[in-house]
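When the letters of the sequence shown are read in order and numbered with my numbering, they come out as residues 97 to 647.
Data block below; observations after.
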Amino acid sequence: MAKIDPRTVASLLREYAQRASMRGDNPYRTKAYLRAADSLMALSQPLDRIIAAGALTKIPGIGDAIADIVTKLYQTGTHPSLEKLREDVPAGVMELFAIPGLRPDKILKLHQALGVNSLAELEAAAREDRIRPVKGLGAALQTKLLQNLAIVRSGETQLHLHKAAALLHHAVISVKQQHPEFSRVEIAGDFRRGCELVSDLALVAQGRKSTGIEDTTLRLVVTDRKHFGASLLEATGSADHLEQLKTFAADKGYTLSADGLRRGRKLIASATEEEIYQALDLQFIEPELREGRGEIERAAKQKLPALIRDEDLHGILHSHTTASDGTETLEAMAEAARRRGFDYYGVADHSQSAHYAGGLSLQEIAEQHREADRLNNAYNGRILKGIEADILADGSLDYPNHILEQFDFVVASVHSRFKLPKKEQTERIIEAIGNPRTTIIGHMTGRQLLRRPGYDLDVDKVLKACAKHGVAVEINAHPWRLDLDWRWHQKALDQGCIFSINPDAHSIRELDHMHWGVEMARKGGVPAKRVLNAMRLTALLAHLARRRQTS
């Protein structure tokens, strides 16, 4: 059989993992196969060259055992173990793995009990109310499946930011190792633009001349030093931004292409993006803003904002510990935040109604506050006492005000009753915003990317309420959330809102999610002066004190 491309090998390895999981295979082995499949999707050189060099195990997530499987899949297009697994269920059943949150055992039950062999048959079974009566499936799953089918259709081939980052980081290293003649390699595509989901894994490399590298799953543009800026601009996009920029250039008598900016046959600018924008009398447009949403008009008037940067953030105001559902103690999380250069760490564990997440009882609040006081006496930094208080169905918060007054800040969040009608959901959140103890509205719409949409909400009304009451709008930096969506940020700025960029971390590693929140804020055009935790500690404490005095 003819050798197959690496994208197909990745798909076969993913199928191998999924079929094994339906047999009850070790879930850690399944995850290892899936991680290896992701790595194969971002190869920067031909797979046959990697196999011939015996370098498969240098790819992240691929050890000796998986390397043997990958080699067999590449050489033959199949594997004996895969063929044996294929005897269990038809190929179409694999489509069901695209449904967010649908476990392998449920997929197998849908197939065995209802004969579901494809997404189309799954949708039909749900719409015909055939899933609800089946023991072990039920009405809740049926409703969720109908909802998540729409997510599947909109999110095919897209990666969360942190997954795309890992793949692209490896790709850059790999390209540099395989092509030492490249003096520069830069990430481009929608990842460089800070898009919340990534579908275009793209790099631009600088060589002595423009060439092409084929048979890879990664889009790799190779250009020379003279044209690097133009190639990077083109490979970054977006399509709408480039189209509008080319029209703007044409109106000034220029032509713009991947070859550079020209007037007639004369090359005016191409070595850097900065030169191209400057030649067009435009303020430099940061990659995150290049979406064709009026940024060129603002750049022509020199009115683009100075976007927030990672180093502008001085603290964290939403993070969890072992007191609720985190994996690390308060001391460990605070120390990890300090090592990352933050001046203050705001703990915000779950409140009492969040039984599923170990919400804090009144006694546990007192214990945590004593621990915070103890650490603050010796801690080179500052621990702020916060809580993520559930917004209850009527809009009240999860503790009475005399308890909420004990906290330095309160993050108010919805964790239940997602299906309330739009009017009721909106009024519920506005009621919580009006509570004088609320400091921040957490993950406002409740969305989880590629998993579930946000609840039905009048975001515009909620933003107006936040501005009126001085409540910060969270940009939740967890890569599964990235909520509030960047498309609403300009509206929030126009209303007079302030933001708070928070990792919603449940472990030390997740503290690094802050970067993805900064990316979303940059994409939304947010400057540091409109971000609560871009304040130094003294200024923040004064701000929180003023809120308590006026409430």
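Quick reminder that beta carbons are idealized off the backbone N, C-alpha and C, glycines included.
Pair within 9 Å by beta-carbon distance, residue i and residue j
i, j, result
"Asp494", "Ser457", "no"
"Trp576", "Leu553", "no"
"Trp582", "Leu559", "no"
"Asp201", "Met118", "yes"
"Val507", "Leu413", "yes"
"Val105", "Leu130", "no"
"Glu370", "Gly422", "no"
"Val569", "Ser596", "yes"
"Pro156", "His266", "yes"
"Asp579", "Gly550", "yes"
"Thr535", "Phe505", "yes"
"Ile404", "Pro599", "no"
"Val300", "Leu328", "yes"
"Gly356", "Ile381", "no"
"Val349", "Arg361", "A small fix is needed here, since residue 349 is Gly in this sequence, not Val. Contact: no."
"Val268", "Gln302", "no"
"Ala133", "Ser107", "yes"
"Lys322", "Ser366", "yes"
"Ser415", "Leu637", "no"
"Ala428", "Gln464", "no"
"Leu426", "Glu460", "no"
"Gly290", "Met540", "no"
"Glu424", "Ser603", "yes"
"Gln521", "Ala563", "no"
"His175", "Ile165", "yes"
6 Å Cβ shell around residue i - same chain, five flanking residues per side excluded
i, result
"Gly61", "The shown model of the chain, from 97 to 647, leaves out residue 61, and the question about it has no answer."
"Arg125", "none"
"Arg394", "Leu400"
Closest residue to residue i among the options (Cα-Cα distance)
i, options, result
"Ile487", "His266, Gln464, His511", "His511"
"Ala601", "Gly613, Ser334, Asn497, Ala396", "Gly613"
"Ile500", "Ile483, Gln254, Glu282", "Reading the sequence as shown, one finds Leu at residue 500 and not Ile. Checking every option, the nearest Cα to that of Leu500 belongs to Ile483."
"Glu219", "Gly232, Pro229, Thr239, Gln208", "Thr239"
"Lys625", "Lys362, Leu409, Lys587, Ile100", "Leu409"
"His609", "Ala433, Val281, Leu636", "Ala433"
"Ile529", "Gly491, Thr174, Thr332", "Gly491"
"Ala402", "Arg643, Ser107, Asp121, Arg618", "Arg618"
"Glu111", "Arg145, Gly120, Pro123, Leu181", "Leu181"
"Ala331", "Thr343, Lys342, Leu316", "Leu316"
"Lys587", "Ala561, Arg605, Arg643", "Ala561"
"Leu233", "Gly592, Lys519, Ile203", "Ile203"
"Pro532", "Arg524, Asn497, Ser509, Lys518", "Asn497"
"Ser135", "Asp121, Ser270, Glu179", "Ser270"
"Ile283", "Asn473, Pro383, Asp184", "Pro383"
"Asp184", "His451, Ala116, Glu523, Asp445", "Ala116"
"Gly285", "Tyr452, Arg436, Arg386, Arg643", "Arg386"
Same chain, Cβ closer than 8 Å to residue i, neighbours up to 5 away in sequence not counted
i, result
"Phe287", "Leu257, Ala260, Ala261, Leu264, Val294, Asp296, Leu297, Ala298"
"Arg547", "Pro196, Gly197, Asn244, Ile247, Trp576"
"Arg304", "Glu277, Asp320"
"Gln340", "Gly388, Ile392"
"Glu310", "Residue placement at Glu310 is poorly supported in this model, since its pLDDT is 45, which falls under 50; the coordinates are not used for a value here."
"Val212", "Val189, Leu192, Leu206, Leu218, Ala221"
"His611", "Asp406, Ala573"
"Pro345", "What sits at residue 345 in the sequence shown is Ala, not Pro. For Ala345, where only same-chain residues beyond five positions count, the Cβ hits under 8 Å are Thr351, Leu352, Leu357, Leu376."
"Met137", "Pro102, Arg103, Ala106, Leu263, Leu297, Thr313"
"Ala216", "none"
Cutoff 7 Å; reference residue i; Cβ partners in own chain excluding five residues on either side
i, result
"Ile147", "Thr167, Tyr170"
"Ser447", "Gly455, Leu456, Ile483, Glu484, Ala485, Asp486, Asp494, Tyr495"
"Phe209", "For clarity, residue 209 is Ala in the given sequence; the question names Phe instead. The answer, listed in chain order, is Val230."
"Gln374", "none"
"His565", "Ile529, Gly530"
"Lys272", "Phe278, Val281"
"Arg436", "Leu607"
Beta-bridge pairing of residue i - partner residues as DSSP gives them
i, result
"Thr351", "Arg358"
"Arg394", "The partner list for Arg394 (beta bridge, DSSP) is empty, contrary to what the question assumes."
"Arg478", "Tyr440"
"Glu484", "His446, Val507"
"Ala365", "Leu357"
"Val627", "Phe595"
"Ile146", "Paired residue(s): none; Ile146 is not in a bridge."
"Leu493", "Ile487"
"Ile536", "Val507, Ala568"
Proximity test, residue i beta-carbon vs the ligand SAH heavy atom, cut-off 8 Å
i, result
"Leu580", "In terms of ligand content, the structure shown is empty, and the ligand SAH therefore cannot be addressed."
CB contact check: residue i to chain B, cutoff 9 Å
i, result
"His265", "No chain B appears in this structure, which consists of one protein chain only."
ask   = Mind pulling the alpha helix (DSSP H) runs of 4 or more residues that sit fully within the stretch 538-607?
value = 555-565, 585-591
query = Taking only runs of the alpha helix (DSSP H) that begin and end inside the stretch 191-268, which ones reach a length of at least 4 residues, in chain order?
reply = 200-210, 215-223, 234-251
key: alpha helix (DSSP H) segments (min. 4 residues) lying fully within the stretch 374-460   = 391-396, 426-435
request  = Could I get the ranges of all uninterrupted beta strand (DSSP E) runs contained in the stretch 272-337, with 3 residues as the minimum, in chain order?
outcome  = 280-283, 298-303, 315-320
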